[in-house]
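*Asks:*
Residue numbers (our numbering), protein chains in the order written: chain U, 1 to 270; chain S, 271 to 787; chain E, 788 to 1045.
#1: Could you tell me which residues DSSP pairs with residue 747/S in its beta bridges?
#2: What whole-angstrom Cβ distance do residue 101/U and residue 218/U have, given they're in contact under 8 angstroms?
#3: With DSSP as the reference, please indicate the residues paired to residue 667/S in a beta bridge.
#4: Determine whether the Cβ of residue 220/U lies closer than 8 angstroms to any Cβ atom of chain S.
#5: Kindly say whether residue 787/S, judged by its beta-carbon, lies nearer than 8 angstroms to any beta-carbon of chain E.
#6: Compare the Cα-Cα distances from residue 238/U to each of 679/S, 308/S, 651/S and report the closest residue.
#7: Measuring alpha carbon to alpha carbon, tell me which of 570/S, 445/S, 708/S, 312/S ends up nearest residue 458/S.
#8: Once the 5 residues before and after residue 282/S are set aside, which same chain residues still bring their CB inside 8 angstroms of it?
#9: Could you list the residues in the segment 19–43 of chain U with a C-beta less than 9 angstroms from some C-beta on chain E, going in chain order?
#10: Taking the straight line between their C-alpha atoms, what separation do you get for residue 424/S and residue 350/S?
#11: Between the segment 615–635 of chain S and the segment 661–672 of chain S, can you find at least three pairs of beta-carbon atoms closer than 8 angstroms?
#12: In this structure, does DSSP put residue 653/S in helix, strand or coil?
#13: When we look at the beta-carbon of residue 658/S and count the other beta-carbons within 10 Å, is it buried (16 or more) or exposed?
#14: Please report how far the alpha carbon of residue 262/U lies from the alpha carbon of residue 884/E, in whole angstroms.
#15: Straight-line CA distance for residue 399/S to residue 366/S?
#16: With a CB to CB cut of under 6 angstroms and the five nearest residues on each side skipped, what residues in its chain are close to residue 15/U?
#17: State yes or no: is the beta carbon of residue 848/E nearer than 8 angstroms to at least one beta carbon in chain U?
#18: Are residue 694/S and residue 538/S closer than 8 angstroms when you measure CB to CB?
#19: Could you give the residue range of the beta strand (DSSP E) that holds residue 577/S?
#20: Using a Cβ cut-off of 8 angstroms (strictly closer), state whether residue 604/S contacts chain U.
#21: Within 8 angstroms (strictly less), CB to CB, does residue 325/S reach chain U?
#22: Can you tell me whether residue 80/U is buried or exposed, with buried defined as 16 or more other CB within 10 angstroms of its CB?
#23: Does residue 747/S come within less than 8 angstroms of chain U when only Cβ atoms are used?
#24: Residue 49/U CB to nearest chain S CB: under 8 angstroms?
#25: If the cut is a Cβ gap below 7 angstroms, which residues of chain E does residue 649/S touch?
#26: Only counting the same chain, and skipping five residues up and downstream in sequence, which positions put a Cβ closer than 8 angstroms to that of residue 55/U?
#27: For the alpha helix (DSSP H) that contains residue 634/S, what are its first and last residues?
#28: Tell whether a beta-carbon distance below 8 angstroms holds between residue 319/S and residue 334/S.
#29: Hey, is the segment 995–1003 of chain E in contact with the segment 968–979 of chain E, meaning 3+ C-beta pairs nearer than 8 angstroms?
#30: Between the beta-carbon of residue 310/S and the beta-carbon of residue 291/S, is there less than 8 angstroms?
#31: Counting beta carbon pairs with one atom in the segment 859–869 of chain E and one in the segment 922–940 of chain E, are three or more of them shorter than 8 angstroms?
#32: Can you name, in chain order, every residue of its own chain whose Cβ lies under 6 angstroms from the Cβ of residue 811/E, other than the five neighbours on each side?
#33: Whole angstroms is fine: what's the gap from residue 154/U's alpha carbon to residue 502/S's?
#34: Provide the residue span of the beta strand (DSSP E) that contains residue 507/S, from first to last.
#35: By the criterion of Cβ-Cβ separation under 9 angstroms, what are the contact partners of residue 834/E in chain S?
#36: From what residue to what residue does the beta strand (DSSP E) around residue 335/S run?
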C-alpha cells in the first residue's frame, strides 16, 4: 500500500515537473527565435520558414499531444537543437553521467564515512572543501587534469562527512554504547554491533539525499568540465530553448529526486 | 626524386591529426550545413567543383578541372575531372552535379547555400552537356560567380576524408578516403575531432599534446600560449571580421521616445564614435591583435576596401562640440538633451564572450567622460536575438560579424533596409531615410553587374555613406589567432575559415614521443 | 577559541569590505600588472585595481548572500514548520521535491533576460540573489520539518499539551524557542552556500554584471589556468575559503537529522 502511495506521488510530481518546465520554456525570452536566422545567406523567404517552424515547436498544446503520441509508440520525441531523437540522445549521454555519479557517490561515501569515524582531523579539510564553490573545484581539478567524478567526490565527501559525523556522534554517545565502552568492548565492535545498526535508517535517508545532491551538482560540473553527459545536454538544451528535450530531462531529474525522497521516507517511517 | 621522397614520407607517416570543434555539428546533410561545426566536417569530407584557396583567395580546380565564365556573368561552364570515383567504385559524372543542384534548389529544402543561388528573377539552372561538362545559367549577371560554388558539396564521398565514427557529443573520427582523386593524399590516416565546448580546456589539452590545432584563439588565451609555448601561437594577420556597436533606430521599438531621438541624430552617433578609444580596445582587450575599423570592410580586403578611409579619430573635445551643437549640455557631469533628459542607455551583448564584455566596459568608461551613463547587459544568445529581431526592445547592441567571403554580396542581407538582419532598423517596407534608400540602390546595382569597376564604384559609395551617417559604429577588425602544434607539419594558417586545416590533406603529424599525450 | 577567532575574522572582513574602493577605474596603461605599491594585488586585464575590486566584491557577495539566506530561511521556517506540524505535509514536501528537480539555472537565465535594460548592476544582482533565496527554501525546509516533527512529539510538548496549554502558546513558548537553534544553524550554513552559488553562476557567465565586482566574477579570472606565475590571482579564492571556513567554524556542529 505504502509503495503504491509513493509511486502515485512520484508520478504526480514528475508530471508536474514536466509541465512546469514546459511552461517555463514556453514563456522564456528567446524561445521564438532560431539561431540560424542570422545566417546572412538566407533569403527572406527561408527566414520566414524558419520562424514558422520554430513557432510550431514551442506550441505547448501541440507539443504535448505529439509527446503523448510519441510516448505511446515508445519514444520520447525529437530534439531540434541536436537534430536527433531524444531517447537516443539520453541513451548516448546517460552512461557518462551514470558513471560519473556512481564513482562520485562511491568515492564521496567512502571518504566521507571513513573520515567521520575518528572524531577529529578531517573537519578542517572538509570545512575548506565545503567552502570552495562547485564550479571552482570543478575548474581547478580540471586544470590539473582530474576527471569530473573526482570533482564530484571532492564535493560530496565533505557533505556526507558532516551529516555522518553528527549521526555517529549522536549514536556513539547513547547510554548503551557508553555502557559497552565502559565494559571494555573494542571500538570496532561497538561500531559494528551498536553504532551502525542504530543509524542505518538515517544513513539510508542520507544516501537518498546524497543522490539528489549529486544530481544537482552534476549539471554545473558537466557544463564547466565539458563532460558529454546528461548535465551538459541539459545546459545546452536550456541555451537552445529545446522544449521537448528540456522537459524530458527535467522529468528524469524529478524521477530521481522524488524516488530519493520516497526511499528516505520509507527508511524513516516515523 | 622529390616524388619518391614524398611517397616515402607518406608511407612512413600516416598518423592521426586531432583538433576540437566547439559544438556538435547540427546536420550531416552537406546541402543544409549552416553551423561552423557542420561546415568544418563538410569541408573535410566533401568534394566541390571549385575550391577557394584560403591562402591565395583564388579559385582552384577541384572536381572541375577547368571552368569558363561568360562575359556578361550569367553563365559558367565546367569541365569535370575524369576518372574520379565514389567510395563504392561508381564513376563521378555530370549527372551527379545536376542531381546535386536539383536537390539543392528544391524550394522545400530551405538551404542557406541554395539561397545564394537565388535572385529575385529566379534561380540558377544547371544542366549536363555530355558526361563531363556542366553548364550553370544564372537569370541575371552574378558577381563573383565562382566563389559561391565553393560551398556546394557534390554527392558524398568525393572529399579527402570519410566519416568513420560518430559519438554523439564526444567525437567524430574521419578516415582517409581511399578513392580520393588527389593521390596519394591525404597524408594522415585519420582525423579525430573532439567536441569541446570550453575554450580553456581546449587550450589545456593543446598544451598536453592531446590536440594539434586550435582554429580560433581568443586574444587572452593567445597571449598565454605565446608566453608558455612560444612558436605554437600563430597570428595569421587581420581577418575580414568586424566588431561594432549600433543604435536601435526602429520606429516601432518599445524604448523611450527621447532615446530614439538621440539615436536618430547623426551628430549624436558621430560624437559616440569619436569618444570611443579604438586604439585602446585593440591594445588592451585584443593585446594588439586587432586594427581599428573605419567601416564594414577591413583594410586587408584589398579588392573592396575604399582607399583612404581612416578610422574615426579619438577626439572627446570634438565629440563634446558636436553634442553641444545638437542641443545637448553637460550639467554636473551628466549629459542632458534639449528637454533635460539625462542621457543614459544600455548596451546589450552576448553573455559568456569575455572579449566583448571587456570592450563594453571600456566603451562604458569612455562615454562616462562625455557624461553619458551606460548600462551593460549581457544576454544569452536566443534572448539577444529575440530583442534584436522580434521585440526590438533594446537600445544599443555590441556584436561582431564573421566575414568569410571578401565580396560585397556577403553584406547584402545586412545592408538592405528591407532585410530582417538589417541591424539598426530591420524589415523596412520602404527605406525610411534617403541615405538608406541610396545604400539599397547601390547594393542592388553592384550585385546586378559582373563589371568589377562598376561594382567597386557603387560599393565605395556605400562605404562612404556608412561613414558619413554612422548607423553602425565600427570598432575594430580582429586578427586571426590560432594555435598549431609542433607535431604537425605543413600547416599554413590563414585568416579565413577553416584557418588551420583548410588543406588538411597536405598536413602530416610526427609520431608522438613515447609516453606523451 | 576557534569560534571566537572565526567571528572576529568575519567582522574584520565585513568592516574592510566597507572601505571606499574605486573598483571601476581603468588604468589602461598597466593592464595585467603584478603587485606593486600602487596596486597591492596587481591589476586585472583592463588595468583595474584588484584590491579595490576584491574589497567591493566582498561587500556585494557577503551582503547579498546574507539577504538571500535570510529570505530562504524565513520561507523554510514557515513552510517546514507548518509541514512538521502535519498541516499540508504532503503538499509541501511535494513542492520541495518539485523545486529540487526544476532547472533553476534556466529560470535564472530567463529572469535575467526579462529584467528591464536600464537597471543598475546592483539592482540586477539583488534581484538575482533574492530569486536564488526564494528558490532555495526546499533543502532547509526539509531539515526544519524533520526537527519540528521530532519536537512536536517530545516529552515537554506532550506535557504542555496535557496541561491544557493553548495552541498559540504551545507554538510560541515551546516549539519556537526549541526550533530556533536549528533554524539559526541553517542560516549560518545557507549564507556561504549562496556566496558559492553566486561564484558558480559567475563562472557560467550568469553572475554579477560588469563593471560591478563580486567574488564570482573575480574567480572567473582564474579560468584558463593563469595561476602559474601569478600567485596573487589566488587572493579571492583564499578570502572566499577563509570566510566560508569561518562560517563553518561558527556553526561547528549542527543538527543534520534528515
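From the three backbone atoms N, C-alpha and C, an ideal C-beta is built for every residue, glycine too.
*Replies:* To lay it out plainly:
#1: DSSP, once it has assigned bridges, lists 561/S as partnering residue 747/S.
#2: That belief holds up - the Cβ atoms of residue 101/U and residue 218/U are roughly 6 angstroms apart, short of 8 angstroms.
#3: 516/S, 618/S
#4: no
#5: Caution is warranted here: a pLDDT of 35 is assigned to residue 787/S, below 50, making its placement in the model unreliable, and no coordinate value can be reported.
#6: 651/S
#7: 445/S
#8: Because residue 282/S sits at a pLDDT of 49, beneath the cut-off of 50, its placement in the model cannot be relied upon, and the following sentence gives the value as read from the coordinates. Contacts found: none.
#9: 20, 21, 24, 25, 27, 28, 29, 30
#10: 12 angstroms
#11: yes
#12: helix
#13: So residue 658/S counts as buried.
#14: 10 angstroms
#15: 12 angstroms
#16: Correct list: empty, nothing qualifies.
#17: no
#18: no
#19: It is not in any beta strand (DSSP E) - residue 577/S carries neither H nor E in the DSSP assignment.
#20: no
#21: Taking Cβ atoms only, chain U never reaches closer than 8 angstroms to residue 325/S, which makes this a no.
#22: Residue 80/U counts as buried, since no fewer than 16 other beta carbons sit within 10 angstroms of its beta carbon.
#23: no
#24: yes
#25: 900
#26: 32
#27: 624–638
#28: yes
#29: no
#30: For the pair residue 310/S and residue 291/S, the CB atoms are nearer than the 8 angstroms cut-off.
#31: yes
#32: 998
#33: 35 angstroms
#34: 503–508
#35: 554
#36: 334–339
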